[in-house]
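Below you'll find the structure, written out as structure tokens, and then a few comments.
2 protein chains.
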Amino acid sequence: MAKVLVLYKKPKNAEAFDKHYASVHIPLAKKIPGLKKYDISTGGVGAPTGPSEVHLVATLYFDSMEALQAGLASSEGKAAAGDLANFADGGAELYFFDTKDV
Amino acid sequence: MAKVLVLYKKPKNAEAFDKHYASVHIPLAKKIPGLKKYDISTGGVGAPTGPSEVHLVATLYFDSMEALQAGLASSEGKAAAGDLANFADGGAELYFFDTKDV
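Read top to bottom, the protein sequences are chains A and B. No gaps in the numbering here: position 45 of the first sequence is 45 in the working numbering, and each next residue is one more. No gaps in the numbering here: position 18 of the second sequence is 1018 in the working numbering, and each next residue is one more.
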């Protein structure tokens, strides 16, 4: 499947981030056309040396890169992307790629 | 599911990286006890501004964080982790976390 992978770095206020993410961002993102599955990290995000600088990892799954690109280009996709500025004040890395099982 | 997420940054020699990854690293990683699914990016890894600095994204899935930790702590897990030094010369970010569907 094709994935949108989002690594949200530690925000200034984790409680406010989590509240906005759950109550505003998830409902917006779930409206993106072509979205097949959506999961987020729960609990801490670890690294080999201990806790990481990442607060939350989100993965949105689409059937293909074409569906992913169409979804992000839609008004719903733009609304979800535009919402990042409202809560992701620690920064966020976004990656887009297709995958295959190995 | 619990995930090991690996972001491999651009290596010095992409062809050599890809050859080692396919012929050595995947077989090693697939031996990790408790591994339920393993996918890798295919084609380029994009970012909002264009191509990203990431060469390959790998995700290894386990039933739980306990299974993930036991898998990484096993001799097979240590062998796979130890192999990174043999090919990931651009660096790699590793993250460990549980997930939930939203």
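Backbone N, C-alpha and C define an ideal beta-carbon position, used for all residues, glycine too. Since the model is a prediction, treat every value here as computed from it, not as a measurement.
Beta carbon proximity, B/PRO1048 to chain A, threshold 8 Å: Reading the second sequence from its first residue, position 48 is the one you call residue 1048 of chain B. Closer than 8 Å to some Cβ of chain A, the Cβ of B/PRO1048 qualifies, so yes.
message: Tell me whether the region 26-46 of chain A and the region 1016-1035 of chain B touch, counting them as touching only if at least three CB pairs, one residue from each stretch, are closer than 8 Å.
response: no
task: Could you work out which residue in B/PHE1017, B/GLY1050, B/GLU1015, B/LYS1010 is closest to A/LEU94 when comparing CA atoms only?
output: To locate residue 94 of chain A, count along the first sequence from 1; it is residue 94. For A/LEU94, the nearest C-alpha among the options comes from B/GLY1050.
- request: For chain A, find out if any of its Cβ atoms is closer than 8 Å to the Cβ of B/ILE1040; answer yes or no.
  value: Translated into positions along the second sequence, residue 1040 of chain B becomes position 40. With 8 Å as the cut-off, B/ILE1040 counts as an interface residue toward chain A.
message: With a threshold of 8 Å, are at least 3 pairs of Cβ atoms found where one atom belongs to the region 42-49 of chain A and the other to the region 70-77 of chain A?
response: no
- prompt: So which residues of chain B does A/LEU94 contact, with C-beta pairs closer than 7 Å?
  reply: Residue numbering aside, residue 94 of chain A sits at position 94 when the first sequence is read from its first letter. Chain B residues near A/LEU94: ALA1047, PRO1048.
message: If you reduce the DSSP assignment to three classes, tell me which class A/PHE97 lands in.
response: In the first sequence, the residue the question calls residue 97 of chain A occupies position 97. Correct three-state label for A/PHE97: strand.
- prompt: Does B/PHE1097 have its Cβ less than 8 Å from a Cβ in chain A?
  reply: Here residue 1097 of chain B refers to the residue found at position 97 of the second sequence. Yes, its Cβ sits closer than 8 Å to a Cβ of chain A.
message: Please classify A/LYS3 as buried or exposed, where buried requires at least 16 other C-beta atoms within 10 Å of its C-beta.
response: As a position in the first sequence, residue 3 of chain A is number 3, starting the count at 1. When all chains shown are included, A/LYS3 counts as buried.
- request: Could you name the residues of chain B that A/SER64 contacts, counting a contact when the two beta carbons are closer than 7 Å?
  value: Here residue 64 of chain A corresponds to residue number 64 of the first sequence, with the count starting at 1. Residues of chain B passing the Cβ test: none, with the nearest at roughly 11 Å.
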